[in-house]
Every structure is written in C-alpha cells, then in structure tokens.
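Residue numbers (this note's numbering): 2 to 138. What follows is a single structure, written as structure tokens, with notes after it.
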C-alpha cells in the first residue's frame, strides 16, 4: 500500500517517512488513536473509497508535537493476547520513553507547525488499489 498526505490542501504534514523508531528516544504527547480498522474475515467492501475522520487532544500542549506515527496492528483472534503490533509494544505512559518493535519500521508524518493542542485527521483508503491518504491538521 502507498501512503501519502493529501496534496489538494495547504500542506500541514509531510508525506509519511519510514523509520525504525526503536532507535530514537521519543515520548508520548497523547493516547494511541485508531485511525481505521479492517476486518479481514469479511469481503472487501463494495464502496471504492473508505473514509474516517476524527480528532484527539494532546495531553501535553507545552511540548512541541513533531508528528504522528502510523503502524499496523493485527488481531489474530478474539483474544486480546493474540495481537501482533508493528509499532508500540507497550501502552504509552506520560513522561516515559515509548517502546517500539525492533522488527518493523513505522511511518512518521512530520508536521510543518509543531504548536498543537489537538490532532485532526481524515484517512481515505482506496479499495481498488490499496492506497491510503492521510490528512492531518
């Protein structure tokens, strides 16, 4: 799948870049937010474009927010213990360094403006070609 930021709006974030975040110290400014879910036990939806929108507040508005990290998690069964994450290995704790998977890279959308009190997003998934588009404001 190709991930890109929306080009039709004034650019608020750079296109996602691939990083091994376990190599870099980083700290949470918010909770984890699910941007889109896919149920692989069901057929692909008939609508061509799937879209979600939302926002969430930052817990710490005094620190600069450099960007948003994107990763996939796979729920293999209905049991919460059967979750495979390509990102965080532990829930974020304010003031504590984040613990990232060492076997995967995460995508990072860096912001043009670091002063934020909340994050607004729109995610679009094109079912015909697997491309995802992210808009962060």
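Heads up, the beta-carbon is just placed ideally off N, CA and C, and yes, glycines get one too. For clarity, every value in this text was computed on a predicted model and none was experimentally measured.
* Asked: Can you give, in chain order, each stretch of the beta strand (DSSP E) that sits fully within the region 52–77 and has at least 3 residues?
  -> 68–71, 74–76
* Asked: How is residue 81 classed by DSSP in three states: helix, strand or coil?
  -> helix
* Between 52, 14, 32, which lies nearest to residue 91 when the distance is taken from Cα to Cα? -> 32
* By the 10 Å Cβ neighbour count, where 16 or more other Cβ atoms means buried, how is residue 101 classified, buried or exposed? -> buried
* To do: Can you grab the Cα-Cα spacing for the pair residue 51 / residue 123, in whole Å?
  => 11 Å
* On the three-state DSSP scale, how would you describe residue 24? -> Residue 24: helix per DSSP, three-state reduction.
* To do: Go ahead and pull the three-state DSSP assignment for residue 33.
  => coil
* Asked: For residue 118, is the classification buried or exposed, using 16 other Cβ atoms within 10 angstroms of its Cβ as the cut-off for buried?
  -> exposed
* To do: Identify the continuous beta strand (DSSP E) that holds residue 41 and give its terminal residues.
  => It is not in any beta strand (DSSP E) - residue 41 carries neither H nor E in the DSSP assignment.
* To do: Determine the direct distance from the alpha carbon of residue 70 to that of residue 107, and round the result to whole angstroms.
  => 7 Å
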